[in-house]
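Q: For the protein sequence lines, the chains are R and U, in the order given. Per the working numbering: the first sequence ends with 473, consecutive numbering throughout. Per the working numbering: the second sequence ends with 334, consecutive numbering throughout. Sharing a structure, written as structure tokens. Questions coming.
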Amino acid sequence: MDWANAIDLARFQFAFTITFHFLLPAFSIGLASYLAVLEGLWLLTGRAIYLDTFKFWLKIFAVAFGMGVVSGLVMSYQFGTNWSVFSDKTGPVLGPMMGYEVLSAFFLEAGFLGVMLFGMKKVGKRLHFLATLLVAVGTAFSAFWILSVNSWMQTPVGYAVNEVGQFVPDDWWAIVFNPSFPYRFVHTVLAAYLTTAFIIGATGAWHLLRDNQNGVARLMFSMAMWMAVTVAPIQILAGDMHGLNTLEHQPAKIAAMEGHFETRQGAPLVLFGFPDQAAGEVRYALEVPKLGSLILTHDVDGEVKGLEEWPRQDWPNVAVVFWSFRVMLAIGFAMLGLGLISLFLRWRGALFDRPWMLRIAVLMGPSGLLAVVAGWIVTEMGRQPYSVYGLLRTTDSVSPLDAPAVAGSLLAFIVVYFFVFGAGIFYLLRMMGKTPVAGDHGPDAMVPVMAAAMALGPAASRRPNPVGGKGDL
Amino acid sequence: MMIDYPLVWAGLIGFAVLAYVLLDGFDLGIALIYPWLGGEAEQDIAMNSVAPVWDGNETWLVLGGGGLFAVFPLAYSIIMPALYAPLIAMLLGLILRGVAFEFRWRTVRGKFVWNWAFTLGSLVASLCQGIMLGTLVQGIAVEGRAYAGGWWDWLTPFSLACGVAMVVGYVLLGATWLVLKTEGDLQALARKVAWYAGSGTLALIGIVSLWTPMLQPEYMQRWFGWPALLYVAPVPLLVVAAAASLFLGLRRGHDARPFLSANALFILCYIGLVISFYPYIVPPSISIWQAAGPDSSLKFLLAGAVVLIPIIVVYTAHAYWVFRGKVDPAAGYH
């Protein structure tokens, strides 16, 4: 039995399953809100184009959401299977918050998803809109609770330790609204909105490249670019504040992100370089003098702590944190750049007419997903070697596992995930690639009802419906 | 007034697990019958009969796991490693069958792949759920605050028997659900399946029930000691009554009665389990009170649960109400 090996395998398994899972809510949190906005605009204005766009994305939402649900189910059990000591020790604090996530979010989403997908002709427009809205609210609640849980692992407060070594709650308010939570929540939810906006923008751009008169594609692209230009700058600001909060509570993580090994006054900003953990230096560093101190302390000669302040066994993996951070930053600024270009072109009345810009937008479709994963790696790898920062080491959190058992399950996860999510991504891309045609709803049973409803006004939805009425017993 | 929070929570989590078994039971069961349905049209109907609600059904399983973590962290951290292999197999099975609901509409060439993923994933999930139940019943080795057994402890003839019983029981739930929700040939077929699955379920309930008391002296005392025998006797008698109602309902062509009777059978088996288990949550060593977290955790979540669970029940019932009646073959948004 190789103990260390079992830990590494368990860590890899968690990283693998959470990364796959996280991509899906990162997309569906934003998409749920987008769908609610589209349906709301349709009800408000009665313009069919909003409904066409809504229906284009509804099917995509259904597939992505289903994948998110089943990969999330894995997460709720993996704490116990692979991290049983962590579960025993943190359960009294983290468990109730996850319990609230299930009760306030998962049930809400699941309870109204069926109505949202299948119920338009059964419940009428208004109630259907309420269902869409509640699904969106559910995704936000879910983000609230799970990010509170994660933030407590980063900045644990409001707890006591009982006689058997469990963390027990002392002040729930302090636990839920722990110091890093507000920043992490805002930063992550904005990231989810940007992720969705860039996927929608890329889809719109893809279709505009073929036919720049396509109304549905224009609507998608225009809305996505508004999001890019408004949310990207807010996100950069929120990220900066999140970083300053991290400096206050997890300075070692910041040192790894910045590539600071030595404590210095007037520290430089390391743009690029190759962190060498063993040697304790950044090789071939490209630096801007004093800027590091200016950003982190708002003073050109401010002192910035380097990793030398902490014993080596408490260092995270510097290279991984350092590089992931730069990937995330680069993508963030690229998003802002595209947003500004779109603003300029919109002002010139040429938003839909510049193929080079549309091509960039297509290329940037997955940029949000990449940034989200990179950012997640920064915060999670930066928390190492602890699972609960400063209090519980990751190596002391793991189940009493045999390496072959973890290796076997890891292999099974990899095989199934590549098969299932590979197919899922293929179907998602194919659905996004299908030309959205305004007014053409295909062989869809709910269309005649809605067409009638639009022609006759709200009352129509209460009439016995001409299609499939047999079902309404 | 002193409230016994661990006991209240044991009841709530017990309710969540029962809700899961009853609700996901029929939609897993449909997947098990699925390959034998007459053609694609009938398969579509069967799938659509559960498509709007399966996600909500599965959420009860998340509540069961999440609730255990929240309220009985010690039990969670012992049971999960003890059930390692069947638990992970169940999760993978649920992934395969869960995505099939959407994926099978997204491809023509590959539809058969997802049809099989739906059935085989559900089969693995059902079998593993039964095996996990059996593993719990036969007892889990504990040392200190950790699981002390091996990685194959779960694999015994008893746990396998429980696995088979669960599969056959879910087929019964699925078949009676289809009797309720469909018409014509499909309903006639479902009736026939329900007949066989009902007989099989009864036989397996008998086998597992007689086997259980032999596993632990405590179980034996619970069921065959005196005067305990008097208190527990109504359970097997009611099982006989529910079975009679099931077969009568099938014979007379009732729509809802077979499904309700099958649910009654499951509830009675569950009550039987509670009788065997109480007051243990990890038999035979850890009681509800030993496993519970501090009252401050239990109270905090309970405050939300007493408000939210009734609301959840109401809107879940609303979702079932919206999709009530026979399935309309032309419905669906795909």
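Glycine residues also receive a C-beta, built at the ideal position from the N, C-alpha and C atoms.
From what residue to what residue does the alpha helix (DSSP H) around U/Asp185 run?
A: Taken as a continuous stretch (DSSP letters only), the alpha helix (DSSP H) holding U/Asp185 covers Gly184 to Leu215.
Q: Can you tell me the Cα-Cα spacing of R/Glu258 and R/Phe322, whole angstroms?
A: Rounded to the nearest angstrom, the two C-alpha atoms are 6 Å apart.
Q: Hey, is the region 269 to 280 of chain U in contact with the region 34 to 42 of chain U, meaning 3+ C-beta pairs nearer than 8 Å?
A: With the cut-off at 8 Å, the region 269 to 280 of chain U and the region 34 to 42 of chain U do not touch.
Q: Would you say R/Ile341 and R/Leu370 are within 7 Å of each other, going by their C-beta atoms?
A: No.
Q: With a Cβ-Cβ cutoff of 7 Å, do U/Trp92 and R/Ala361 count as a contact?
A: Note that residue 92 of chain U corresponds to Leu in the displayed sequence, not to Trp. Cβ distance not < 7 Å, so U/Leu92 and R/Ala361 don't count as in contact.
Q: With a cut-off of 7 Å, does the C-beta of U/Pro52 fall near any C-beta of chain R?
A: U/Pro52 counts as touching chain R.
Q: For R/Asp170, which residues of its own chain have a beta-carbon under 8 Å away from its beta-carbon, when the five flanking residues on both sides are left out?
A: Same-chain partners within the cutoff: Gly158, Tyr159 and Ala160.
Q: Please list, in chain order, the residues of the region 282 to 295 of chain U that have any C-beta partner in chain R closer than 8 Å.
A: Against chain R - using a Cβ distance shorter than 8 Å - the residues of the region 282 to 295 of chain U are Gly293 and Pro294.
Q: I want to see whether chain U comes within less than 7 Å of R/Gly125, judged by CB atoms only; does it?
A: The question names Gly, but residue 125 of chain R in the sequence shown is Lys. No, no contact with chain U.
Q: Consult DSSP for R/Pro179 and reduce its assignment to one of helix, strand or coil.
A: It is coil, neither helix nor strand.
Q: Are the beta-carbon atoms belonging to R/Val168 and R/Pro92 less than 7 Å from one another?
A: For R/Val168 and R/Pro92, yes; Cβs fall inside 7 Å.
Q: Applying a beta-carbon distance threshold of less than 7 Å, which residues of chain U neighbour R/Tyr77?
A: In chain order: Gly65, Met80, Leu87 and Leu91.
Q: Does R/Val398 have its Cβ less than 7 Å from a Cβ in chain A?
A: Checking the listed chains, one finds no chain A in this structure; the protein chains it contains are R and U.
Q: So R/Met97 and R/Ser148 are in contact, right, with Cβ under 8 Å, and what is the actual spacing, rounded?
A: Sure, about 6 Å apart at Cβ, within 8 Å.
Q: Would R/Val102 and U/Val71 qualify as a contact pair, given that the criterion is a beta-carbon distance under 7 Å?
A: Cβ atoms of R/Val102 and U/Val71: not closer than 7 Å.
Q: Quick one: complete alpha helix (DSSP H) runs, 4+ long, within the region 34 to 86 of chain U?
A: Segments of the alpha helix (DSSP H) lying fully in the region 34 to 86 of chain U: 39 to 50, 54 to 71 and 73 to 82.
Q: By DSSP's criteria, R/Arg393 is part of a beta bridge. Which residues make up the other side?
A: Paired residue(s): R/Tyr386.
Q: Measuring alpha carbon to alpha carbon, tell me which of R/Glu262, R/Asp301 and R/Leu296 ends up nearest R/Val282.
A: Comparing Cα positions, the closest option is R/Glu262.
Q: What are the start and end residues of the beta strand (DSSP E) that includes U/Ile281?
A: Here the beta strand (DSSP E) through U/Ile281 covers Tyr280 to Val282.
Q: Can at least three beta-carbon pairs, one atom from the region 340 to 359 of chain R and one from the region 178 to 192 of chain R, be found at a separation below 8 Å?
A: Counting Cβ pairs under 8 Å, fewer than three are found: no touch.
Q: Can you list, in chain order, the residues of its chain with a C-beta nearer than 6 Å to that of R/Gly442? Leave out the 5 residues immediately preceding and following it.
A: Only weak support exists for where R/Gly442 lies, its pLDDT of 40 falling under 50; the value from the coordinates is given anyway. Around R/Gly442: no qualifying Cβ.
Q: Can you tell me whether DSSP reads R/Ile60 as helix, strand or coil?
A: Residue state, collapsed to three classes: helix.
Q: Please report the straight-line C-alpha distance between R/Asn465 and U/Leu120, rounded to a whole angstrom.
A: Residue placement at R/Asn465 is flagged as unreliable, the pLDDT there being 39, under the threshold of 50; the coordinate-derived value follows with that caveat. Going by the C-alpha atoms only, they are around 38 Å apart.
Q: Could you tell me whether any Cβ in chain U is nearer than 7 Å to the Cβ of R/Asp88?
A: Yes - at least one Cβ of chain U is within 7 Å of the one on R/Asp88.
Q: Across the region 248 to 263 of chain U and the region 178 to 194 of chain U, are there enough close Cβ pairs to call them in contact, namely three or more that are closer than 8 Å?
A: With a cut-off of 8 Å, the region 178 to 194 of chain U and the region 248 to 263 of chain U count as touching, because enough Cβ pairs lie within range.
Q: Which of the three DSSP states, helix, strand or coil, is assigned to R/Gly119?
A: Of the three classes helix, strand and coil, the one that applies to R/Gly119 here is coil, per DSSP.
Q: Could you check where the alpha helix (DSSP H) with R/Phe344 kicks off and where it finishes?
A: R/Phe344 -> alpha helix (DSSP H) spans Val318 to Trp347.
Q: Pull out every residue of the region 88 to 103 of chain R whose Cβ sits closer than 9 Å to any Cβ of chain U, in chain order.
A: Those residues of the region 88 to 103 of chain R that come within reach of chain U (Cβ to Cβ, closer than 9 Å) are Asp88, Lys89, Thr90, Gly91, Pro92, Val93, Leu94, Gly95, Pro96, Met97, Met98, Gly99, Tyr100, Glu101, Val102 and Leu103.
Q: Should R/Thr81 be flagged as near chain U, meaning a C-beta pair shorter than 7 Å?
A: For R/Thr81, the answer is yes, since a Cβ of chain U falls inside 7 Å of its Cβ.
Q: Taking the alpha carbon of R/Ala205 as the point to measure from, which residue in R/Tyr193, R/Met220, R/Ala191 and R/Leu194 has its own alpha carbon closest?
A: Closest by alpha carbon: R/Met220.
Q: Between R/Tyr427 and chain U, is there a C-beta pair that is closer than 7 Å?
A: Closer than 7 Å to some Cβ of chain U, the Cβ of R/Tyr427 qualifies, so yes.
Q: Fully enclosed by the region 232 to 260 of chain R, which alpha helix (DSSP H) runs are 4 residues long or longer?
A: Fully enclosed alpha helix (DSSP H) runs of 4 or longer: 251 to 258.
Q: Using 8 Å as the threshold, is the region 221 to 237 of chain R in touch with the region 389 to 405 of chain R, meaning 3 or more CB pairs across them?
A: The region 221 to 237 of chain R, when compared against the region 389 to 405 of chain R, does not touch it at the 8 Å Cβ threshold.
Q: Counting only beta-carbon separations shorter than 7 Å, does R/Trp315 have a partner in chain U?
A: By this cut-off, R/Trp315 is not an interface position.
Q: At a Cβ cut of 9 Å, what residues of the region 104 to 125 of chain R count as close to chain U, listed as they run along the chain?
A: Those would be Ser104, Phe106, Phe107, Leu108, Glu109, Ala110, Gly111, Phe112, Leu113, Gly114, Val115, Leu117, Phe118, Gly119, Met120, Lys121, Lys122 and Val123, in chain order.
Q: So for R/Glu281, helix, strand or coil by DSSP?
A: If DSSP states are grouped into helix, strand and coil, R/Glu281 belongs with the strands.
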